[in-house]
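Below is one structure, written out as structure tokens; the observations come after it.
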Amino acid sequence: MAKRYDVIVVGAGPAGAMAAKTAGENGLSVALLEMKTKIPGVRRTCTQMLLPMNEDYLGERTSFNGKNGHVCFLRNGLSFNYTGPYQNIYAFEIYSLGGNNLKFGEASVRRKMGDQGRISIATDKGLLIKDLLKQATDNGVEVFPGTTVTDVKKEGDAVKVISDKKTFQGTFVIAADGANSRIVQRLGLNKDRTYYSTMSVIESYMKGLHLPAKGTVYYICAEVNSAPTLCALIPRAYEGEYNVVFITLNPRVDLMKFAHFIMKESKLAHWFKGVDLKVQLSAVGNMYTTILDPFKDNVLLVGDTIWCQESENLGALLSGGKAAIAVKIALLEGKPNREGVATYLDWWKQAFVDRYPRDLIMKNYILGAVMTNEDMDYLFSLMNDVMPASILPYTLPAHLGEAVGKVVSIIQKDRPDILGKLGRMAQEPVEQILAPHSDQSMANR
Amino acid sequence: MVKIEAAKCTGCGGCVNLCPDAAMSLSSKDVIAVDEKLCSKCQICVKACPVRALSM
Chain A
145 MAKRYDVIVV GAGPAGAMAA KTAGENGLSV ALLEMKTKIP GVRRTCTQML LPMNEDYLGE
205 RTSFNGKNGH VCFLRNGLSF NYTGPYQNIY AFEIYSLGGN NLKFGEASVR RKMGDQGRIS
265 IATDKGLLIK DLLKQATDNG VEVFPGTTVT DVKKEGDAVK VISDKKTFQG TFVIAADGAN
325 SRIVQRLGLN KDRTYYSTMS VIESYMKGLH LPAKGTVYYI CAEVNSAPTL CALIPRAYEG
385 EYNVVFITLN PRVDLMKFAH FIMKESKLAH WFKGVDLKVQ LSAVGNMYTT ILDPFKDNVL
445 LVGDTIWCQE SENLGALLSG GKAAIAVKIA LLEGKPNREG VATYLDWWKQ AFVDRYPRDL
505 IMKNYILGAV MTNEDMDYLF SLMNDVMPAS ILPYTLPAHL GEAVGKVVSI IQKDRPDILG
565 KLGRMAQEPV EQILAPHSDQ SMANR
Chain B
97 MVKIEAAKCT GCGGCVNLCP DAAMSLSSKD VIAVDEKLCS KCQICVKACP VRALSM
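Protein sequences appear in the order of chains A and B.
Quick note on numbering: the first sequence equals residues 145 to 589 in the working numbering.
Quick note on numbering: the second sequence equals residues 97 to 152 in the working numbering.
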């Protein structure tokens with residue numbers, strides 16, 4: 145008979161590692177399963193940012209003390225320590241391929257405000273997960289690397305987690321196996337979600353870039369064959385280093401070709417002079433509507449298993465910690481069921497479901513699906529006001545709308561066609577806008 | 097049979113969860129491995145791979 149754990153956590157990313165650490169600290173018996181053999185080797189693309197800083201997200205305010213690495217979710221009272229290096233990020237700018245830009249804050253101004261001026265911090269995600277794993281294993285969490293979960297089954301009062309190595313048994317499971325979670329698929333929870341399209345990403349760490357300002361995230365917004373495609377340059381935790389990410393919402397787009405174009409041929413190629421593309425990380429995942437009820441058959445869903453790709457590291461960490469606390473309460477009260485984990489489900493309803501429209505996150509990605517590169521260039525040429533310093537994907541669509549609002553009379557006079565396209569963005573269902581780029585055969589239902 | 101160019105594979109694992117047959121996993125070197133017994137040759141992994149490391 146296999147050992148019966150209080151909770152089996154599947155996936156050792158930020159959500160799973162935080163869940164395992166929190167469960168372990170509170171005395172639960174925990175198995176942490178991860179498909180990679182080397183944890184915490186970061187292999188999947190990630191901005192590696194903790195965002196937002198100095199703004200509300202999921203009804204939470206996050207504090208980071210750079211002196212001792214203490215990260216605290218102040219309203220929920222959860223915390224952990226990050227001992228790796230970090231850098232403050234102060235501003236965000238979106239560029240068109242023609243080289244026009246829209247600014248969300250200015251780094252030179254925000255930097256003077258010190259930590260109050262930062263919109264995000266750049267971390268080394270590998271070290272962050274390493275810290276969490278240390279805190280987990282110090283509290284007795286058993287870690288099983290190289291273990292790919294293939295199925296989950298509720299049997300009586302236990303959940304069986306079936307992997308390519310062995311079968312585990314637990315009272316609860318916390319599914320932290322990321323976007324396109326196998327567990328979510330096996331529970332049948334993808335069936336009710338709207339599938340938008342499949343996102344494909346490659347990423348390279350770069351040094352020696354020639355960028356306009358430090359402490360700033362740059363997005364170059366483009367379309368390739370009408371597919372929203374972009375390049376993001378994100379400061380890393382190490383001075384002068386960047387995560388350079390190439391993203392498309394149509395996996396048929398050749399990202400290597402797009403990267404070559406941006407770096408060698410585009411109007412912004414001078415940013416990359418003397419720098420080579422060496423792909424180190426990648427990702428592919430279906431974009432779906434968010435899961436509104438993250439619980440079934442004693443499995444709690446956390447992190448990107450619920451969202452599409454954008455739980456953000458803070459959302460992942462917070463949801464992992466909250467789920468672990470809920471499991472502790474359920475076991476303390478002798479309620480190994482939905483009722484027992486009500487604190488998690490209530491939190492999710494208030495923090496997400498009641499707060500954000502379900503497809504809001506996707507509004508960040510559709511500019512390139514409705515506009516040509518020339519349209520975007522024209523639009524950004526008009527937007528000269530600096531918008532609020534922020535890089536939170538849940539508020540950016542509104543800020544972009546505000547920026548458009550300021551120049552709407554000019555657009556109406558010069559380019560009524562663009563106004564029509566902006567109207568499409570605001571009104572048409574996202575799945576309809578992205579339909580030409582989607583591939584239903586990839587929707588792992 | 098799925099052919100894997102190990103030098104290209106980043107080990108991101110994106111195809112592992114997209115595979116409808118649960119035929120994929122990461123090897124001890126954290127590159128993709130396919131269990132041919134389970135593979136139904138649907139080619140979803142080939143289409144999905146962001147670095148074009150897979151072919152059939």
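The beta carbon of each residue, even a glycine, is placed where N, CA and C say it ideally should be.
On a predicted model such as this, the values are computed, not experimentally measured, just so you know.
Beta-carbon to beta-carbon, A/I306 and A/R262 are separated by about 44 Å, too far to satisfy the 8 Å threshold. Under the Cβ criterion of 7 Å, A/A427 is counted among the residues facing chain B.
Boundaries of the alpha helix (DSSP H) around A/F524: N517 to L526. DSSP, reduced to helix, strand and coil, places A/I183 outside both helices and strands of the structure shown, so it counts as coil. Residues of chain B whose Cβ lies closer than 8 Å to the Cβ of A/K180 are, in chain order, G107, G109, L122 and D126. Of all alpha-carbon atoms in A/T292, A/C190 and A/A159, the one lying nearest the alpha-carbon of A/E178 is that of A/T292. The C-beta distance from A/Y340 to A/M506 rounds to 6 Å, short enough to fall under 8 Å. Out of A/L523, A/S534, A/V446 and A/L218, the CA that lies nearest to the CA of A/F316 is found in A/V446. Of all alpha-carbon atoms in A/G155, A/K335, A/I346 and A/A280, the one lying nearest the alpha-carbon of A/T434 is that of A/K335. The distance from the Cβ of A/G465 to that of A/L202 is about 12 Å, inconsistent with a contact at the 8 Å cut-off. Assigned with DSSP and collapsed to three states, A/P532 falls in coil, not helix or strand. In this structure B/G110 is in contact with B/A144, their Cβ atoms being roughly 6 Å apart against a cut-off of 8 Å. Within the DSSP secondary-structure output, A/F248 pairs in a beta bridge with A/F236 and A/M531. Contact between B/M120 and B/Q139 is ruled out by a C-beta separation of about 13 Å, above the 8 Å threshold. Below 8 Å, too few C-beta pairs join the stretch 476-485 of chain A and the stretch 213-222 of chain A to call them touching: fewer than three. Under the three-state reduction of DSSP, A/H354 is assigned to coil, being neither helix nor strand. Between A/V471 and A/D268, the beta carbon gap of about 29 Å keeps them out of contact (Cβ cut-off 8 Å). Against chain A, a Cβ distance below 8 Å from B/V112 picks out M179, T292 and R326. Given a length threshold of 3 residues, each whole run of the beta strand (DSSP E) inside the stretch 330-396 of chain A is given here in chain order: 339-351, 360-368, 371-379 and 385-392. With at least 16 other beta carbons inside 10 angstroms of its own, B/A149 counts as buried. Annotation: Cβ neighbours of A/N588 in chain B (cutoff 9 Å, chain order): N113, L114, C115, P116 and I140.
Distance from the CA of A/K351 to the CA of A/I364, rounded to the nearest whole angstrom, comes to 18 Å. For the 7 Å CB-CB criterion, A/V174 and A/V296 do not form a contact. At a cut-off of 7 Å between C-beta atoms, A/R262 does not count as an interface residue with respect to chain B. For the C-beta of A/V548, not a single chain B residue is nearer than 7 Å; the gap to the nearest is close to 32 Å. Counting only Cβ-Cβ distances below 9 Å, A/S344 has contacts in chain B at G110, A144, C145 and P146, in chain order. Taking the Cβ atoms as the reference, A/I273 lies roughly 20 Å from A/M197, outside the contact range of under 8 Å. Taking 7 Å as the CB threshold, A/V423 lines the interface with chain B. The count of Cβ pairs closer than 8 Å, one atom from the stretch 481-491 of chain A and one from the stretch 235-242 of chain A, stays below three, leaving the stretches out of contact. For A/V285, the secondary structure class from DSSP, reduced to helix, strand or coil, is coil. Just measuring C-alpha positions, the residue of A/E347, A/G160, A/G549 and A/M520 sitting nearest A/F288 is A/G160.
In terms of CA proximity to A/D282, A/N170 leads the group A/N170, A/T373 and A/H214. When only Cα atoms are considered, B/D126 and A/E347 end up about 17 Å apart. Among the bridge pairs identified by DSSP, A/K165 is matched with none. The beta carbon of A/R188 sits closer than 7 Å to some beta carbon of chain B. Between the stretch 503-517 of chain A and the stretch 485-493 of chain A, the count of C-beta pairs closer than 8 Å stays below three; the two stretches do not touch.
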